[in-house]
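Chains as they are written, first to last, in the working numbering: chain A, 64 to 319; chain B, 64 to 319. Ideal Cβ placement from N, Cα and C applies to all residues, glycine included. Okay, so here's the structure we're looking at.
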DNA sequence: GCAAAGTTGATCGTATACGATATCGTACTT
DNA sequence: AAGTACGATATCGTATACGATCAACTTTGC
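Set out below in structure tokens:
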């Protein structure tokens with residue numbers, strides 16, 4: 064599936080149109096292509112966190128001058144894919160493990176909201192599609208492939224929130240997923256035990272949607288679902304993590 | 064008060080540190096200064112929505128070349144302060160009235176969450192400060208000055224959400240407020256009747272916080288507070304607005 | 001032998017220059 | 001008279017060039 068690439072030419076809203084291709088083809092300005100290319104390499108794991116992005120080298124590899132590359136870096140910076148230090152340069156971000164926590168928590172909130180807003184617009188065929196994806200996930204539990212499972216997981220959730228009528232919120236959700244993708248810990252490889260629970264919760268979510276549940280309840284459920292994954296991660300890596308920062312993981316989760 | 068200027072040198076997270084100065088002084092690179100200067104003029108209303116931002120002219124006014132200005136524009140674009148079209152140029156964003164709706168709705172969600180997460184960390188003196196600000200708001204109801212009232216309003220809410228331990232969420236809140244500030248409809252001038260209600264709700268919010276309410280309830284209240292402002296706006300300008308897009312304004316508002 | 005200052009190399013920041021593209025006005029055609 | 005084609009102008013996009021800054025290394029003085 065596409066990467067939900069952020070498009071610069073977007074309308075008034077910050078974009079992230081689902082313009083599919085982050086492909087390096089010959090679309091748009093060099094500035095854009097540089098952006099797409101670098102981003103792809105980050106998401107693809109070719110540039111791992113901490114990797115030093117030298118303007119001249121990037122420009123050289125891509126075959127054009129540094130100016131477009133600089134602009135690309137600026138954008139990546141604004142989307143926090145890279146860190147930038149004056150007169151020093153850019154490095155791939157996402158080293159910090161707490162990043163994962165922050166991102167997941169943020170995503171739990173915005174995705175919950177997006178799903179709730181999207182709910183009334185979800186059609187029967189959407190549900191069917193989601194259910195099919197979830198079935199594929201269930202199957203893949205046998206010969207567990209974390210990468211594939213994670214990809215399917217994203218596809219499943221996309222169906223649920225993609226109808227969100229508020230483009231801002233949708234954009235935030237896309238950014239969140241993007242960020243996770245670059246964070247390698249996002250993989251279910253890090254919380255294997257969570258996979259089957261996840262599938263079960265997905266079905267519950269679908270039932271909830273089919274029943275025409277109130278937006279309120281949908282939001283709670285969606286948020287809780289993600290918060291549960293976060294909790295699973297925390298339980299597994301429970302050590303010196305600054306968990307203390309989080310007095311409540313999901314303030315709106317079923318509060319029992 | 065500061066503008067919550069976005070700092071580029073920010074850590075892994077997308078920044079928007081409260082680095083005070085959006086000042087045009089001689090801080091940082093020209094790229095930064097250009098960013099700050101242009102942003103200030105947009106927020107200050109000097110560049111109104113639709114205004115065409117010509118690179119050469121901006122560079123000329125600022126006294127340096129177009130390259131840093133281009134980068135500044137890129138950043139402003141990423142934060143959706145300006146729209147950009149290839150080979151055409153940049154214009155100040157925010158013309159679309161639905162933008163206001165989207166922004167307010169998004170803010171209701173992220174600010175609600177931020178306030179809830181912030182709640183356990185709010186000290187007695189914070190509350191006192193917020194109450195003082197609210198008192199000032201109450202007074203200013205007499206000789207109603209929408210600008211001042213709006214500024215105080217922001218200050219009030221800042222106290223409540225600024226302790227949010229998740230920098231991502233905090234950043235989203237800042238962006239939301241920033242965006243509103245550039246949207247001129249953000250002023251209470253557009254919903255004068257709402258002002259006194261707002262003050263009352265503020266006091267209720269403070270009482271809730273003092274009582275050590277559950278995060279869940281705090282989030283509801285904060286979100287509902289903002290949603291109410293949005294509703295007031297909609298009620299006032301209820302016409303051909305695409306209100307239909309919003310099947311629920313605030314899915315998590317007190318549902319009884 | 002160690003610390004502080006000087007030096008070198010790599011990389012970034014900005015300016016200038018030129019080619020590419022879109023928009024607008026004008027002239028020509030039907 | 002209306003529409004289309006063409007050309008001029010404004011503006012953007014990218015390349016190249018050079019000065020500025022930081023980091024690491026070497027040298028010098030104690």
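Quick one: give me the first and last residue of the alpha helix (DSSP H) that residue i is part of.
{"i": "residue 126 (chain A)", "result": "Per DSSP, residue 126 (chain A) belongs to no alpha helix (DSSP H) and is neither H nor E."}
{"i": "residue 292 (chain B)", "result": "278-299"}
{"i": "residue 187 (chain A)", "result": "187-202"}
{"i": "residue 236 (chain B)", "result": "230-244"}
{"i": "residue 109 (chain A)", "result": "Here residue 109 (chain A) belongs to no alpha helix (DSSP H), and DSSP marks it neither H nor E."}
{"i": "residue 259 (chain A)", "result": "257-273"}
Return the CA-CA distance between residue i and residue j, expressed in angstroms with no decimal places.
{"i": "residue 254 (chain A)", "j": "residue 169 (chain A)", "result": "19 Å"}
{"i": "residue 119 (chain A)", "j": "residue 100 (chain A)", "result": "15 Å"}
{"i": "residue 270 (chain B)", "j": "residue 164 (chain B)", "result": "28 Å"}
{"i": "residue 171 (chain A)", "j": "residue 283 (chain A)", "result": "10 Å"}
{"i": "residue 143 (chain B)", "j": "residue 102 (chain B)", "result": "11 Å"}
{"i": "residue 273 (chain B)", "j": "residue 199 (chain A)", "result": "49 Å"}
{"i": "residue 135 (chain B)", "j": "residue 192 (chain A)", "result": "43 Å"}
{"i": "residue 106 (chain A)", "j": "residue 96 (chain B)", "result": "31 Å"}
{"i": "residue 84 (chain A)", "j": "residue 90 (chain A)", "result": "For residue 84 (chain A), the predicted structure reports a pLDDT of 38, less than 50, and the residue's modelled location is therefore unreliable. The matter cannot be settled from this model."}
{"i": "residue 132 (chain B)", "j": "residue 287 (chain A)", "result": "44 Å"}
{"i": "residue 128 (chain A)", "j": "residue 122 (chain A)", "result": "5 Å"}
{"i": "residue 264 (chain B)", "j": "residue 250 (chain B)", "result": "18 Å"}
{"i": "residue 116 (chain B)", "j": "residue 295 (chain B)", "result": "33 Å"}
{"i": "residue 161 (chain B)", "j": "residue 152 (chain B)", "result": "23 Å"}
{"i": "residue 145 (chain B)", "j": "residue 93 (chain A)", "result": "21 Å"}
{"i": "residue 88 (chain A)", "j": "residue 216 (chain B)", "result": "Only weak support is given to the placement of residue 88 (chain A): the predicted model assigns it a pLDDT of 49, under 50, and the question is left unresolved by the model."}
{"i": "residue 130 (chain A)", "j": "residue 110 (chain B)", "result": "27 Å"}
{"i": "residue 224 (chain B)", "j": "residue 189 (chain B)", "result": "11 Å"}
{"i": "residue 231 (chain A)", "j": "residue 237 (chain B)", "result": "14 Å"}
{"i": "residue 205 (chain A)", "j": "residue 226 (chain B)", "result": "45 Å"}
{"i": "residue 214 (chain A)", "j": "residue 104 (chain B)", "result": "43 Å"}
{"i": "residue 277 (chain B)", "j": "residue 278 (chain A)", "result": "21 Å"}
{"i": "residue 125 (chain B)", "j": "residue 241 (chain B)", "result": "23 Å"}
{"i": "residue 86 (chain A)", "j": "residue 297 (chain A)", "result": "Only weak support is given to the placement of residue 86 (chain A): the predicted model assigns it a pLDDT of 39, under 50, and the value that follows is read from those uncertain coordinates. Roughly 35 Å separates the two Cα atoms."}
{"i": "residue 4 (chain B)", "j": "residue 147 (chain B)", "result": "Residue 4 (chain B) cannot be examined here, being either before or after the span of chain B that is shown, 64 to 319."}
{"i": "residue 159 (chain A)", "j": "residue 256 (chain B)", "result": "47 Å"}
Where does residue i fall in DSSP's three states?
{"i": "residue 156 (chain A)", "result": "coil"}
{"i": "residue 85 (chain B)", "result": "In this prediction, residue 85 (chain B) has a pLDDT of 39, which is less than 50 and means its spatial position is unreliable; what the coordinates show is noted afterwards. Note: residue 85 (chain B) maps to coil in three-state DSSP."}
{"i": "residue 142 (chain A)", "result": "coil"}
{"i": "residue 225 (chain B)", "result": "coil"}
{"i": "residue 137 (chain A)", "result": "helix"}
{"i": "residue 149 (chain A)", "result": "coil"}
If you measure between the beta carbons of residue i and residue j, is that distance less than 8 Å?
{"i": "residue 113 (chain A)", "j": "residue 155 (chain A)", "result": "yes"}
{"i": "residue 266 (chain B)", "j": "residue 197 (chain B)", "result": "yes"}
{"i": "residue 246 (chain A)", "j": "residue 187 (chain A)", "result": "no"}
{"i": "residue 203 (chain B)", "j": "residue 212 (chain B)", "result": "yes"}
{"i": "residue 166 (chain B)", "j": "residue 243 (chain B)", "result": "yes"}
{"i": "residue 184 (chain B)", "j": "residue 228 (chain B)", "result": "yes"}
{"i": "residue 174 (chain B)", "j": "residue 275 (chain B)", "result": "no"}
{"i": "residue 262 (chain A)", "j": "residue 299 (chain A)", "result": "no"}
{"i": "residue 258 (chain B)", "j": "residue 207 (chain B)", "result": "yes"}
{"i": "residue 235 (chain B)", "j": "residue 235 (chain A)", "result": "yes"}
{"i": "residue 209 (chain A)", "j": "residue 141 (chain A)", "result": "no"}
Pull up the CB-CB distance for residue i and residue j, whole angstroms please, since I reckon it's below 8 Å.
{"i": "residue 98 (chain A)", "j": "residue 138 (chain A)", "result": "5 Å"}
{"i": "residue 281 (chain A)", "j": "residue 177 (chain A)", "result": "Between residue 177 (chain A) and residue 281 (chain A) the Cβ distance is about 10 Å, and since that is not below 8 Å, they are no contact."}
{"i": "residue 285 (chain A)", "j": "residue 179 (chain A)", "result": "7 Å"}
Please determine whether the Cβ atom of residue i lies at a distance below 7 Å from any heavy atom of the ligand SAH.
{"i": "residue 214 (chain A)", "result": "The ligand SAH is not part of this structure, which contains no ligands at all."}
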